[in-house]
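Below is one structure, written out as C-alpha cells; the observations come after it.
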Ligand SMILES: [Zn+2]
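Numbering (the working numbering), first residue to last: 57 to 363.
Next up, the structure:
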C-alpha cells in the first residue's frame, strides 16, 4: 500500500479544490488505501464492495465483512470532520515550522484540547516502524534540552537529553534523534545500534561514552567538537523551534516533538508526500486518545514512538 502512492496536491490551491468536503476526503482515503482495487482484509476478495453510509463503511460483496477507509489510521473513530484532519495534516506537513495546538485551534475553530489531540495523533504517524538505519559517515552528539529546575545547576528534573545522529552528506543527510535518560556509554551504544548501520564511521567529540562504539562493530573517530557543525545546526534548529512554535514543551511529550522535527527534516524535499504519511495511511498508525495522552508517563498512558 505504501509503495503505490496516489497523487497528492502540490499547492494550497489544489488542496482546496481537491478536498472541499468529507466525501472528497473519504474518496481520497479510499484510493490511498486501495490504489489498484479494493481487497477485502478478511477473504482477500477484489470484487467491488458495497458502500454503506456514504463510504463510511465498506462491505465485502463476497463474505460480508465490513471495514472502513479509516480503520487502522489516525482518523479512525474520529468525531471531527475529515476536512479538518486534512487541513491539520496539510499544515503540519507543508509549513516549515509546523503548527502549534494554539495556532491550529484558531485556524480550525476547534477547542484547544481537540487541536492538541489531533496534532499528537498526527505525530504518532510520523514514525515508520520499518524505518531504515543511516549509514556511511555519521555525526553523533548529545545535548540537553529543556529548563533545569530553578536553583539547581545543570541537569534538572524537567529537562531531557537527546541524542541525534546525522548523515554527513549535506543534501541527503538523514537525521535520527531520540530522548534518552543520560549520555552514558550504554545509552550511546544502544542508540547507535538502533539507528546506525554497523561498520559505519561515527564521528563524535571526545566524550568517553563514545569510546565503546568500536566494540560493537562501528568505526569511530574523535573529531573537534567545532567540526560537528551540521549536527549542531540540527540541535540549534530544534531548540529554536520548540519554544518558538510550541512555547516550550513538557518533558513527557518531548519525544513526540523530536519525532515531528526529525520527520520534517528527513522529508524537507517532499513535504506533500509527507501529507499522506501523516494521515497514517502508510504506517497504519492509530495514535493516542486524549485520555491516553494525559496519562503519558503512567502505566496505562500512551508511549510516544521513538524516531
Ligand atoms: Zn471478504
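The C-beta atom is built at its ideal place from N, Cα and C for all residues, glycine as well.
Being a predicted model, the structure only gives us computed values, none of them experimental.
Measuring CB to CB, does residue 254 end up less than 8 Å from residue 273? yes
Cα-Cα separation between residue 206 and residue 306, rounded to whole angstroms: Its pLDDT being 49, under 50, residue 206 is placed unreliably by the model, and nothing is read from it.
Go ahead and label residue 64 buried or exposed: buried means 16 or more other beta carbons lie within 10 angstroms of its beta carbon, across all protein chains shown. buried
Which ranges would you report for the alpha helix (DSSP H) in the segment 230-273 if only whole runs of at least 4 residues count? 241-251
Contact check, residue 195 vs residue 221 under 8 Å by CB: the rounded distance? 7 Å
Exposed or buried, residue 177, counting other C-beta atoms within 10 Å across all chains shown (16 or more means buried)? buried
Measure the CB-CB distance between residue 156 and residue 302 and report whether it falls below 8 Å. yes
Min CB distance residue 311 to chain B below 8 Å: The structure shown has no chain B; it contains just one protein chain.
With the cut-off set at 8 Å, would you say residue 325 and residue 149 are in Cβ contact? no
With DSSP collapsed to three states, give me the class of residue 68. helix
Since residue 103 is in the beta strand (DSSP E), which residue starts that stretch and which ends it? Taken as a continuous stretch (DSSP letters only), residue 103 belongs to no beta strand (DSSP E), as it is neither H nor E.
Using 7 Å as the cut-off, classify the Cβ of residue 118 as near or not near the heavy atoms of ligand 1, replying yes or no. yes
Beta bridge counterpart(s) of residue 198 as assigned by DSSP: Beta-bridge pairing links residue 198 to no other residue.
Going by C-alpha distance, which of 132, 143, 118, 115 is nearest residue 328? 143
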